[in-house]
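Engineer:
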Ligand code: 13P
Ligand code: SF4
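Numbering (this note's numbering), first residue to last: 8 to 361.
Printed below as a string of structure tokens:
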């Protein structure tokens with residue numbers, strides 16, 4: 008299904024209005040220093056009555072620490088669910104800004120800290136609230152569905168929020184109700200949903216700078232070298248990469264594929280932070296990074312999100328010590344933004360019961 012006619016801005020002429028940062032260079036720690044730092048963070052988590060909620064794309068040490076201390080490492084849907092359900096008064100969210108904001112929107116009574124408040128996301132940056140508001144106002148007859156990777160102010164305009172693990176059933180549900188859908192901001196995920204559900208959606212023109220770099224021709228070449236490998240692709244990737252996938256899904260779905268499929272080799276098109284968990288759960292499997300343009304001049308082509316890379320043991324310790332980097336959200340925006348998020352969580356609960 009062609010989508011170009013439905014896209015809000017012209018792909019060819021869209022200007023990037025934000026900077027993609029270089030990856031931060033964290034000082035290398037030897038094993039002794041690292042263990043000491045982790046020990047101090049564990050102690051601080053207890054003293055501050057805080058729990059660590061981390062995404063699969065963050066540094067492996069942070070992921071391990073989250074699990075060792077009773078926190079969680081997961082995809083963005085489970086991060087939202089876990090943080091909301093946990094009774095700790097402070098959540099430290101290791102991930103990107105929308106994940107911290109979602110936690111605050113759902114649990115305004117909690118203190119939400121993040122190792123770096125500048126850790127944002129190209130999808131969030133590429134969807135400014137004012138322009139998005141104009142887009143929604145121009146199409147009042149549409150049900151507004153936004154991806155989790157957006158600011159609180161954008162969510163405040165939405166009817167539904169979805170993450171990659173629940174986008175398909177929610178859009179299918181809206182299709183069955185006969186609703187017209189306005190989708191934002193990821194055009195690749197949007198196009199994939201259109202293809203699977205057959206729903207024509209009016210779309211924003213955003214993309215993930217990490218997933219957009221996976222290259223289909225190079226992937227074809229690697230597949231020839233590993234004909235028995237299963238290809239796992241996150242749906243933020245371009246269509247010609249998704250077309251080659253054996254499994255398309257959220258970070259959790261891709262990890263599950265590695266543990267449940269019988270293949271010995273997997274070619275994985277998503278942020279390379281995911282290999283930490285995959286290797287832990289399936290140490291005998293061979294995991295191959297899907298090709299990008301290479302570790303060249305830009306940090307966008309290295310398969311690792313520069314914003315996720317802003318999370319490290321060092322700044323995690325700092326925020327726990329100082330209580331800095333707290334997420335605050337204007338109450339009027341929060342009250343509006345919680346509606347689409349809660350709708351998604353209620354939908355996911357109903358799905359679990361079926
Ligand atoms: P998941 O919800 O699949 O973890 O994806 C979040 C994300 O930002 C992917 O780039
Ligand atoms: Fe955003 Fe892409 Fe980074 Fe995920 S990997 S947080 S979508 S920039």
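By construction, the Cβ of each residue, glycine as well, lies at the ideal position given by its N, Cα and C atoms.
Within the region 219-271, note down every full beta strand (DSSP E) run reaching 3 residues or more, in order along the chain.
Structural biologist: You should have 237-240.
Engineer: Is it buried or exposed for residue 25, if we count other Cβ within 10 angstroms and need 16 for buried?
Structural biologist: So residue 25 ends up on the exposed side.
Engineer: If you draw a straight line from the alpha carbon of residue 247 to that of residue 233, how long is it in whole angstroms?
Structural biologist: Taking the straight line from one Cα to the other gives about 19 Å.
Engineer: Please identify the residue among 156, 95, 62 and 45 whose C-alpha is closest to the C-alpha of residue 117.
Structural biologist: The option with the nearest alpha carbon to residue 117 is 95.
Engineer: Does the beta-carbon distance from residue 322 to residue 123 come in below 7 Å?
Structural biologist: In this structure, residue 123 lies closer than 7 Å to residue 322 by Cβ.
Engineer: Given this structure, state the Cα-to-Cα distance separating residue 326 from residue 184, to the nearest angstrom.
Structural biologist: If I take the Cα positions, the gap works out to 45 Å.
Engineer: Report all residues from its chain with a CB closer than 8 Å to the CB of residue 372; omit the five preceding and five following residues, and keep chain order.
Structural biologist: No statement about residue 372 is possible, as the shown extent of the chain runs from 8 to 361 and does not include it.
Engineer: Is it true that the CB of residue 225 sits closer than 7 Å to the CB of residue 298?
Structural biologist: Yes, they are a contact pair.
Engineer: Mind checking residue 87: buried by the 16 CB within 10 Å criterion, or exposed?
Structural biologist: It is buried - the Cβ of residue 87 has at least 16 other Cβ atoms within 10 Å.
Engineer: Say whether the region 344-357 touches the region 157-169, bearing in mind that this needs 3 or more beta-carbon pairs closer than 8 Å, one atom from each stretch.
Structural biologist: Output reads yes: the region 157-169 touches the region 344-357.
Engineer: In whole angstroms, what separates the C-alpha of residue 312 from that of residue 277?
Structural biologist: If you take the alpha carbons of residue 312 and residue 277, they lie about 10 Å apart.
Engineer: Considering only their Cβ atoms, is the gap separating residue 186 from residue 218 smaller than 7 Å?
Structural biologist: No, the pair does not count as a contact, with Cβ atoms beyond the cut-off.
Engineer: Within the same chain, show all residues whose beta-carbon is closer than 7 Å to that of residue 336, passing over the 5 residues directly before and after it, in chain order.
Structural biologist: Result list for residue 336: 108, 111, 112 and 159, in chain order.
Engineer: Per DSSP, what kind of secondary structure is residue 199 in: helix, strand or coil?
Structural biologist: Residue 199: helix per DSSP, three-state reduction.
Engineer: Identify which residue in 340, 134 and 151 has its Cα closest to the Cα of residue 115.
Structural biologist: Nearest C-alpha to residue 115: 340.
Engineer: Got a sec, what are the start and stop residues for the beta strand (DSSP E) residue 98 sits in?
Structural biologist: Residue 98 -> beta strand (DSSP E) spans 97-101.
Engineer: For residue 215, tell me which candidate among 201, 207, 198 and 194 has the shortest Cα-Cα distance.
Structural biologist: Of 201, 207, 198 and 194, the residue nearest in Cα terms is 194.
Engineer: With a threshold of 8 Å on Cβ separation, who are the neighbours of residue 331 within its own chain once the five nearest residues in sequence on each side are excluded?
Structural biologist: Same-chain partners within the cutoff: 120 and 325.
Engineer: Here's the rule I'm using: 16 or more other beta-carbon atoms within 10 Å means buried, otherwise exposed. How should residue 82 be labelled?
Structural biologist: When all chains shown are included, residue 82 counts as buried.
Engineer: In this structure, how does DSSP classify residue 339 when only helix, strand and coil are distinguished?
Structural biologist: Here residue 339 sits in helix by DSSP.
Engineer: Determine the closest residue to residue 288 out of 351, 265, 270 and 272, with distance taken between C-alpha atoms.
Structural biologist: Nearest option by C-alpha distance: 265.
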